[in-house]
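Numbering (the working numbering), first residue to last: 100 to 323. Where a beta carbon is used, it is the ideal one built from N, C-alpha and C, also for glycine.
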């Protein structure tokens, strides 16, 4: 009766109280209205809190300016969260900062694991990393976010939970100069997930998530 979906989730076709109770104990239910469970349990982030506590962490997006990202964009040794494929460009710099990747989207499969850093991965994408090391699984709902939240909002919420005191958002070009393409180094087009113009609405969504959490916006190569 228990079935496995293509996304790694478990589901049952009809109500079964006994089986539901067993699955609820072992896995994270998609929602109370659905008979679907994510297999990966969420993990504690306490062992990485010391990297974030009291720091203004860096969060790196995938805008065109990511192609010219340099060491100059990271004047402090605060932790860095590279969103999705952006983490690979960050690691190429060979910085002393602790590097984290963050993957919210399950469609990216296992393409976003840092070479030597640590990955934060959402429960809906975690099945691609079963057996991998240096992986922390999170549920956006634990941070009062929807399951399909923006990757950057998940990163902001995790950083705040880990007692960072602010964030520096780097290469979020669409939010600053309305350039909606992805950087070439990402290896895919911004049209992959829909119309690139969707990014133009992200700043307001990000600011709603930030609230009073201090933020700096940085575009690599911008003299301002």
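- In the DSSP assignment, find the beta strand (DSSP E) that holds residue 317 and state where it starts and stops. 314-317
- Message: Going by DSSP, what residue range makes up the beta strand (DSSP E) through residue 235?
- Response: 234-237
- Considering only the beta carbon of each residue, do residue 130 and residue 272 sit closer than 7 Å? no
- Task: Determine the extent of the alpha helix (DSSP H) in which residue 135 is found, giving its start and end residues.
- Result: Careful: residue 135 lies outside any alpha helix (DSSP H), inside the beta strand (DSSP E) at 135-137.
- Query: Comparing alpha-carbon positions, which option in 222, 209, 296 and 245 lies nearest residue 228?
  - Reply: 209
- Would DSSP call residue 292 helix, strand or coil? helix
- Item | Cβ distance (whole Å) where residue 249 is taken to contact residue 304 below 8 Å | 6 Å
- Message: Our contact map puts residue 313 next to residue 264 with C-beta atoms below 8 Å; I'd like the distance itself, whole angstroms only.
- Response: With a Cβ gap of about 7 Å, residue 313 and residue 264 count as contacting.
- Give a single yes or no on whether residue 175 has its beta carbon closer than 6 Å to a heavy atom of the ligand ATP. Looking at this structure, you won't find the ligand ATP or any other ligand, since it has none at all.
- Query: Which residues in the same chain as residue 239 place their Cβ atom closer than 7 Å to its Cβ, once the five residues preceding and following it in sequence are excluded?
  - Reply: 221, 245, 246, 248 and 253
- Message: Suppose the cutoff is 7 Å on Cβ atoms and the five residues either side in sequence are ignored; what does the same chain contact list for residue 148 look like?
- Response: 261 and 262
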